[in-house]
Each structure stands twice: as C-alpha cells, then as structure tokens.
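Enquirer: Protein chains in written order, with our numbering: chain S, 8 to 95; chain G, 8 to 95; chain B, 2 to 148; chain X, 2 to 148. Yeah, the Cβ is synthetic: ideal placement off N, Cα and C, and Gly gets one too. Encoded as structure tokens, here's the structure I'll be asking about.
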Amino acid sequence: MPFAPPSGTIRVRFFARYAELVGRAEAAVSVPLPATVGDVVRRVREQLPGACDIPERPLTAVNLRHVKLDASVRDGDEVALLPPIAGG
Amino acid sequence: MPFAPPSGTIRVRFFARYAELVGRAEAAVSVPLPATVGDVVRRVREQLPGACDIPERPLTAVNLRHVKLDASVRDGDEVALLPPIAGG
Amino acid sequence: MTYLTRDPIALDALLAEVSSPARGGTCAFLGTVRNGPDEAGVTAIEYSAYDVMVEAELERITAEARERCPGAGVAVRHRLGMIPVGEASIAIVAAASHRAQAFEACRYVIEEVKRRVPVWKKELRADGSAVWVDASGHPTTSPPAHV
Amino acid sequence: MTYLTRDPIALDALLAEVSSPARGGTCAFLGTVRNGPDEAGVTAIEYSAYDVMVEAELERITAEARERCPGAGVAVRHRLGMIPVGEASIAIVAAASHRAQAFEACRYVIEEVKRRVPVWKKELRADGSAVWVDASGHPTTSPPAHV
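Next up, the structure:
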C-alpha cells in the first residue's frame, strides 16, 4: 500500500467581489498537510472556475484573524479571502 | 492755568471670583493718557476696596480681545479682569 | 451581533452606553455616505461584511483602545446593507475622564477599523450602475496587492 | 447669542448644522460635568461667563478652525448656569470631507476654548459648600499668574 500523506479539508470563504468572481460564497478545499494559507489560495485559484481573477496574494484570514500567506492551516480551519477592506 | 494731561475713562469689568472680591461687576476708572492695561489694573487695585486681592498681573481683555498688560487703552475702552479660564 | 446593525445608527444609544459620572470627556466619530465632487451620482452604498469576523475584530479593537486608555468606555456600531447618502455607516463613541484619552481612543478605533474590519462597499449610482470601491471610493478592478 | 445657551445642549441640532452630502467624516466632542474620584461630592457646577466675549472668541475660534480645514463645518454650543453631574457643558461638532480634518477641527476648537474662552466654574458640593475652580477642577484661591 503506497504512502498517502495526511490531507486536510479547509472551508474557504469568499466575499464581495471575490464571491462574485467565483459565483459562490464558500467551498471545501482539500490540501495535503502540512499546508499554508498560500497553498490553499493556490489550490483555489487552480481548481475553482473564475478564481484565477482573484489576486495571487489576497488578504486572508484564518478562523476570523488576519494572517499572512505563510501561516499554517489545519484540518477544519476556515480560510477567508478578503478583497481590499473598505470598512468604516 | 497749569497744564492738565488728557485723561480717559475706562469701563472696567469684573468676573467670577474677582467680582466677588470687589463686590461689584464693573467700575468706571479714570486714568491719565497715554495709559496701558497695566496702569488700569494698578489704579483698580489701589482704589477699589477688596481689589488688592486681585493678582497684580491678572488675565485681561480689551474690547473683547485678550491682551497683554502693556497693551494701550483709550478713552471709552472696556477692560476686563479675567480669573483663570475654566471654559469647556 | 453586538457591533453590527442593518438599521440607522442611534448615536444617543451609544453615548448612553459609555457615559458615566467619572468620564468628563466624550469623543464621537460618525462616518457618513458621501456624495461630493469625487462621488458624482452616488445615491447609496451597499455595505456587506464577513459578519462574524467583523464582530471578532471590533471586540479586539475596542479592547485594545481600552488598554491604551484605561478607564475609557468605548462603543462602536457599524451599519450594513443599503445606506443612503448622508446617513452614517459607522459610529464610534469614546468617553474618558479627560478629553485627550477620549480623542485618542476614538481615533484609534476608526483607524483600526479602516485597516482591519472586513467590510466592503458597492457604490450605487443614479445611472443604475454598481461598482465595488475601496476605502477611498476608487473602483477595485485592478488586483490589489497583499498588505 | 449664537454659541451660548442655558438649556441642555441638543447634540442632534449641532450635527444637523454641519452635515452635508460632501462631508463624510464628523467628529464631536462633549464635555460633561464630572463626579469622579477627584471631584468627591460634586453635585453640579455653576458656569458663568463674560457672555459677549465668549461669543466673540467662539466666532474667532470657529473661523480659525475652518481656515485650517477648508470645507469643514464647525458648530459649538457652551451651556451656562447650573449644570448637574453627567450633563454637557460644551458640545463641538466638526464635519469635513475626510476624517482627519474632522478630528483636527474638533480638537482645535476644544483646545482653544480651554485656553481662551472666558467661562468660570463654581463647584457645588453635597455638603453645601461652593468653590471657584480652575480648568482642572482645583480651587482658585492662590493668585494665578498672568499668561
């Protein structure tokens, strides 16, 4: 039986213009672990129709906190791709 | 006939604690001209009962504007002696 | 859902939340939808958000403001949905014993909101068009850089 | 008598005076009568003023604020007479196209008011005593220096 690296399922959320680009508000994405937020973004841009128009380095959050793309993700994490913030 | 220097009548106004010290809200003070606000204050402190407890160098205004004690006064001016400001 | 609302923001309610006899200085900030020379034809802005993250960020930001200004009371409300020109999208109130802390806490909150709170704006124009805009009101068509 | 009142200050009226579609940022400051650890037993403060000079100074100060922040709208109200703990003695509202000018104009006005506007405070205490206090709430018994 060949060696299968552990993989994790990440809940990816899309907002505002990014949600319009991919035509959905969320997706479940599977990544081999260990993985970073950047790996998740890459996977999303490759696999989801319309996602190639999301920037390669968008703002991201994991579990409701802003993170950099080199932050690690675990199975079950919620990763959000955030268009430029316009609050206030 | 001896030479009489021109004199001016200044309306002096008192506020808050200073008004309590002199027991009045205003006084007409005569000063030989030319004169400064400092001259008016000196005259007030010498002549008005209770006024000696007003500081020698109080905050002052002439015709509704803050001035220093070396500002000159003219006949008919309104000079105000202002306790430390506590507005706001 | 403490910090978000879909109704007009009542400033009086925020003031009541933070006022106390020991707090002599209160600073408030209101951000309202503009229709100035740079926003010709804007009739309203539709605000959307990553709701739960907005709540989490505003909880952190107000806690940070209170840490910087001990004793201060801080309240924030961000409105979502369609907001017509002239109405407030955000209100912040900070009350402290003295005015310097009140101004500082209020300013801190709005600056951090602009940097960190995941809210987005779509401008609706009189000609029927709609466009996503960034914090400065510029269309977000070109790919934004990662901060 | 534009800037002075003997009635409770209505913040909404001041906000309405300065709001306009081109002004997206509004900063307000409220100064309220305190009864904190430094004011044990204060029940109210009686504010008195050199009324006509207050009007003249506030006219000058608001004009200066508008000069520093072109396009800004600035409104001020100072209350006189007996003001109970928790109620406002002053309210300032500054609205501008962007928040930085709104904060700056509002802050400028309150700082200049504290320096220049001839208003005095007598603290009334629960024990029946009354004492003139300076801006910091300290009794003004010793002769103040000329500024």
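1) Within 10 Å of its beta-carbon, does F22 (chain G) have 16 or more other beta-carbons around it, so buried, or fewer, so exposed?
2) Taking the alpha carbon of A96 (chain X) as the point to measure from, which residue in X:E112, X:T27, X:G32, X:R116 has its own alpha carbon closest?
3) Would A50 (chain X) and W121 (chain X) qualify as a contact pair, given that the criterion is a beta-carbon distance under 9 Å?
4) Exposed or buried, C59 (chain G), counting other C-beta atoms within 10 Å across all chains shown (16 or more means buried)?
5) For K123 (chain B), write down the residues that DSSP places opposite it in a beta bridge.
6) If you draw a straight line from the C-alpha of E47 (chain B) to the C-alpha of G94 (chain G), how long is it?
7) Could you check what DSSP says for T63 (chain X) in three-state terms: helix, strand or coil?
8) DSSP state of P145 (chain X), grouped into three classes?
9) Apart from the five residues on each side of it in sequence, which residues of its chain come closer than 6 Å, Cβ to Cβ, to E18 (chain X)?
10) Enumerate in chain order the residues of its own chain whose CB-to-CB distance from V134 (chain B) is below 7 Å, with the five nearest sequence positions on each side excluded.
11) Please confirm whether E58 (chain X) and V118 (chain X) have their CB atoms less than 9 Å apart.
12) Can you pull the chain A residues whose beta carbon is under 9 Å from the beta carbon of S98 (chain B), in chain order?
13) So for I111 (chain X), helix, strand or coil by DSSP?
14) Under a Cβ-count criterion, where at least 16 other Cβ atoms within 10 Å of its own Cβ denotes burial, should T16 (chain S) be classed as buried or exposed?
15) Run down chain B in chain order and give the residues with a C-beta less than 7 Å from the C-beta of L71 (chain S).
16) Could you confirm whether any beta carbon from chain B is found closer than 9 Å to the beta carbon of L5 (chain X)?
17) Among all the DSSP beta bridges, which residues are the ones paired with C28 (chain B)?
18) Can you find a C-beta in chain B that's less than 9 Å from the C-beta of T27 (chain X)?
19) Put L81 (chain B) into one of helix, strand or coil per three-state DSSP.
20) Is the beta carbon of P65 (chain G) less than 9 Å from the beta carbon of L88 (chain G)?
21) Measuring alpha carbon to alpha carbon, tell me which of B:T3, B:A41, B:L12 ends up nearest R126 (chain B).
22) If we count the other Cβ atoms within 10 Å of its Cβ and call it buried at 16 or more, is P9 (chain X) buried or exposed?
23) Let me know if G32 (chain X) comes out buried or exposed under the rule of 16 or more other beta-carbons within 10 Å of its beta-carbon.
24) For I111 (chain X), which residues in the same chain have their Cβ closer than 7 Å to its Cβ, ignoring the five residues on either side in sequence?
25) Taking only three categories from DSSP, how would you classify E105 (chain X)?
26) Against chain S, does V94 (chain B) count as a neighbour if the rule is that its beta carbon must be under 9 Å from one of theirs?
27) Step through the CB atoms of chain S and report whether any lies within less than 9 Å of the CB of P145 (chain B).
28) Which residues mark the beginning and the end of the beta strand (DSSP E) in which L89 (chain S) is found?
29) For L55 (chain S) and chain B, any beta-carbon pair shorter than 9 Å?
30) Could you give the C-beta distance for A23 (chain X) and S98 (chain X), rounded to a whole number, given that I count them as a contact under 8 Å?
31) Decide if A35 (chain S) is buried, meaning its Cβ has at least 16 other Cβ atoms within 10 Å, or exposed.
32) Can the beta-carbon of Q102 (chain B) be found less than 9 Å from the beta-carbon of A73 (chain B)?
Expert: Looking at the atomic coordinates:
1) Only buried fits F22 (chain G), as 16 or more other CB atoms lie within 10 angstroms of its CB.
2) X:T27
3) yes
4) exposed
5) Paired residue(s): B:E47, B:W133.
6) 42 Å
7) helix
8) Caution applies to P145 (chain X), whose pLDDT of 44 falls short of 50 and renders its modelled position unreliable; the model cannot decide the point.
9) A76
10) K122, E124, P140, T141
11) yes
12) In the structure shown, chain A cannot be found, because the protein chains are S, G, B and X.
13) helix
14) exposed
15) V53, M54, A57
16) No, L5 (chain X) does not count as interfacial toward chain B.
17) Answer by DSSP bridge pairing, in chain order: B:A95, X:F30.
18) yes
19) coil
20) yes
21) B:A41
22) exposed
23) buried
24) F30, I93
25) Helix.
26) No - not a single Cβ of chain S is within 9 Å of the one on V94 (chain B).
27) Interpretation of P145 (chain B) is limited by its pLDDT of 44, a score under 50 that renders its predicted location unreliable; the figure taken from the coordinates is listed afterwards. Judged by the 9 Å Cβ criterion, P145 (chain B) is in contact with chain S.
28) Per DSSP, L89 (chain S) is one residue of the beta strand (DSSP E) stretching across 85-89.
29) With 9 Å as the cut-off, L55 (chain S) does not count as an interface residue toward chain B.
30) 6 Å
31) A35 (chain S) counts as exposed, since fewer than 16 other C-beta atoms from the protein chains shown sit within 10 angstroms of its C-beta.
32) yes
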